[in-house]
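**Q**
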DNA sequence: CTTGACATAGAACGTCTGTTCGTGTATAAT
DNA sequence: ATTATACACGAACAGACGTTCTATGTCAAG
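Right, dumping it as structure tokens:
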């Protein structure tokens, strides 16, 4: 459909779709209103009529729960649920990760599709693929996909992609800024000792790790 | 389910299944009653409760159209829709067809599954597979499946499997008993001449052809 | 004959349900 | 200033809806 839906109408479509999947029958006008934050049954009815005009659903007049999603609606709900992230490149041991330019496009040469369900807000996210076994102490395997959020600072305990300047080494570790200025980089693997860096200027946080995906087939 | 359903309950299940497929939402209690010939909403409700107890559907209390078929119900509806016929053997030119014994089992060595939708009442039906090109004038191809009803007499114009004794030949043709006793066997292919048999004792009707199925893959 | 399970039926009821009506605000175009 | 459109809201309404109650019948078992 060339016209965009209002946020309310998009919300209504998603709610109806989820409700039918969960309950086996459609919601009532009042249930839709409660879910979409609409207090008047006539406003729900108005929005349903607009969705029907645009081909997202069909209604049977004066029938309780008499609505049915069309394939257009299912496609719309599905497309809204999918997020495409740029796969910017590789993360290897001996060089800094590629970081996105300030205006990097969402449609890069290579992308990976995930769902909003597992990602939440996709703003500022991008993907990197691990090359080599250097991330093993982060429990990250060669070939894994790492979803990053581009940020230069992380909270204590969050996993970050950290560039160690003196070693010229990239690592994925939980970042801790200790009292007195020392940085502790804690591996995810609890049997591996942490890295301590006395001079925080030797440490560069390049992004926060949001997710790791391992495809096994 | 080890308990059989009553005919009313089976009818209700099929109606609900068809209704959901056609409308996208379940029927109301009153619609179920109308379809099943039940004039009282409490009887419909009683039967739905029995179906729910047996695991065929689930209901949400005091919700309009608040019922959902389980996979058990779908399997039940599907199994009721499927008919399994014995594939008794071959139909070839030079010998009579195998005819079922009076108590032949429904679960023979080999069977073919069809739907009640295209067969109607499956009582007394069985299948034969055509071998050779001798039935071409009946527009029946080598390898086709012929569904037969075992009967020794057919109405004029019905297609029958006919054994010609003097020729020792099996044929599928439209059977006509003409005045004066002569038998006319009319091919389905209108460009082929019929066979005339003066002595009806030379002709033996072995079954009526109900359906021809050609699988092309 | 009695009892219990199963099945049927109609009436009555409270709640759910979707539609209609009247009204209001915001925005864009004329 | 006026008009059209989109979107919002509450109230009222008639009818749909599922449940409850009461009554009845059939059948099998004891």
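Residue numbers (the numbering used here), protein chains in the order written: chain A, 1 to 217; chain B, 1001 to 1217. Each residue gets a CB set at the ideal place from its N, CA and C atoms; glycine is no exception.
#1: Please identify, using Cβ separations under 8 Å, the residues of the region 23-40 of chain A that lie next to chain B, in order along the chain.
#2: Which residue comes first and which comes last in the beta strand (DSSP E) that contains residue 1127(B)?
#3: My output table needs one value for residue 1095(B): the three-state DSSP class, helix, strand or coil.
#4: Using a Cβ-Cβ distance under 7 Å, would residue 210(A) count as near chain B?
#5: Against residue 1065(B), what residues of chain A qualify as contacts under a CB-to-CB distance less than 7 Å, listed in chain order?
#6: Kindly give me the distance between the Cβ atoms of residue 169(A) and residue 208(A), rounded to whole angstroms, as I take these residues to be in contact under 8 Å.
#7: Does chain A have any CB closer than 7 Å to the CB of residue 1068(B)?
#8: Give every residue of the same chain whose Cβ lies closer than 7 Å to the Cβ of residue 1203(B), excluding the five residues on either side of it in the sequence, and list them in chain order.
#9: Do you know offhand how far residue 1149(B)'s Cα is from residue 1091(B)'s?
#10: How many angstroms separate the CA atom of residue 33(A) from the CA atom of residue 22(A)?
#11: Among 79(A), 111(A), 189(A), which has the Cα closest to the Cα of residue 88(A)?
#12: First and last residue of the beta strand (DSSP E) that includes residue 1206(B)?
#13: Assign residue 115(A) to one of two classes, buried (16 or more other C-beta atoms within 10 Å of its C-beta) or exposed (fewer than that).
#14: For residue 169(A), write down the residues that DSSP places opposite it in a beta bridge.
#15: With a Cβ-Cβ cutoff of 7 Å, do residue 187(A) and residue 126(A) count as a contact?
#16: What's the C-alpha gap between residue 151(A) and residue 7(A)?
#17: Looking only at DSSP bridge pairs, what is residue 1058(B) linked to?
#18: In or out: residue 1055(B) buried (at least 16 other Cβ within 10 Å) or exposed?
#19: Tell me, to the nearest whole angstrom, how far the beta carbon of residue 1080(B) is from that of residue 1010(B); I am working on the premise that it is less than 8 Å.
#20: Counting C-beta neighbours from all protein chains within 10 Å, is the total for residue 137(A) 16 or more, i.e. buried, or is it exposed?
#21: Who pairs with residue 1176(B) in a beta bridge, going by DSSP?
**A** Judging by the given coordinates:
#1: From the region 23-40 of chain A, only 23, 24, 25, 26, 28 have a Cβ closer than 8 Å to chain B.
#2: For the purposes of this step, residue 1127(B) is identified with residue 127 of the second chain, where counting begins at 1. Taken as a continuous stretch (DSSP letters only), the beta strand (DSSP E) holding residue 1127(B) covers 1125-1130.
#3: Here residue 1095(B) is taken as the residue at index 95 of the second chain, counted from 1. Three-state result, residue 1095(B): coil.
#4: In the first chain, the residue the question calls residue 210(A) occupies position 210. No, residue 210(A) lies away from the interface with chain B (no Cβ there is under 7 Å from its Cβ).
#5: Indexing the second chain from 1 puts residue 1065(B) at position 65. Under the 7 Å cutoff, chain A gives 25, 64, 65.
#6: By 1-based counting over the first chain, the position of residue 169(A) is 169. By 1-based counting over the first chain, the position of residue 208(A) is 208. Contact between residue 169(A) and residue 208(A) is ruled out by a C-beta separation of about 19 Å, above the 8 Å threshold.
#7: Here residue 1068(B) refers to the residue found at position 68 when the second chain is read from its first residue. So yes, residue 1068(B) belongs to the interface.
#8: Position 203 of the second chain, counted from the first residue, corresponds to residue 1203(B). Excluding five sequence positions before and after residue 1203(B), the CB atoms of its chain that fall closer than 7 Å to its own CB belong to 1162, 1164, 1183, 1197, given in chain order.
#9: The count along the second chain starts at 1 and reaches residue 1149(B) at position 149. The count along the second chain starts at 1 and reaches residue 1091(B) at position 91. Near 14 Å, if we compare the C-alpha coordinates of residue 1091(B) and residue 1149(B).
#10: Position 33 of the first chain, counted from the first residue, corresponds to residue 33(A). Position 22 of the first chain, counted from the first residue, corresponds to residue 22(A). Using only the alpha carbons, I get a separation of about 18 Å.
#11: Walking along the first chain from the start, residue 88(A) turns up at place 88. Taking each of 79(A), 111(A), 189(A) in turn and checking the Cα distance to residue 88(A), the smallest one comes out for 111(A).
#12: Locating residue 1206(B) in the second chain gives position 206, where the first residue counts as 1. It spans 1203-1213 - the beta strand (DSSP E) in which residue 1206(B) sits, taken as one unbroken run.
#13: For the purposes of this step, residue 115(A) is identified with residue 115 of the first chain, where counting begins at 1. The residue in question, residue 115(A), is exposed, as its Cβ has fewer than 16 Cβ neighbours within 10 Å.
#14: Here residue 169(A) refers to the residue found at position 169 of the first chain. Within the DSSP bridge table, the entry for residue 169(A) names 164(A) as partners.
#15: Indexing the first chain from 1 puts residue 187(A) at position 187. Indexing the first chain from 1 puts residue 126(A) at position 126. It is not a contact, given that the beta carbons lie outside the stated cut-off.
#16: As a first step, residue 151(A) is located in the first chain; it is residue number 151 there, counting from the start. As a first step, residue 7(A) is located in the first chain; it is residue number 7 there, counting from the start. Between residue 151(A) and residue 7(A), the C-alpha separation is close to 29 Å.
#17: Here residue 1058(B) corresponds to residue number 58 of the second chain, with the count starting at 1. BP columns for residue 1058(B) point to 1068(B).
#18: Sequence index remark: in the second chain, residue 1055(B) carries index 55 (1-based). So residue 1055(B) counts as exposed.
#19: Indexing the second chain from 1 puts residue 1080(B) at position 80. Indexing the second chain from 1 puts residue 1010(B) at position 10. The beta carbons of residue 1080(B) and residue 1010(B) sit about 6 Å from each other, so the pair counts as a contact at 8 Å.
#20: Against the first chain, residue 137(A) aligns to sequence position 137. That one is buried.
#21: Counting from 1 along the second chain, the entry for residue 1176(B) is found at position 176. According to DSSP, which records beta bridges pairwise, residue 1176(B) is partnered with 1184(B).
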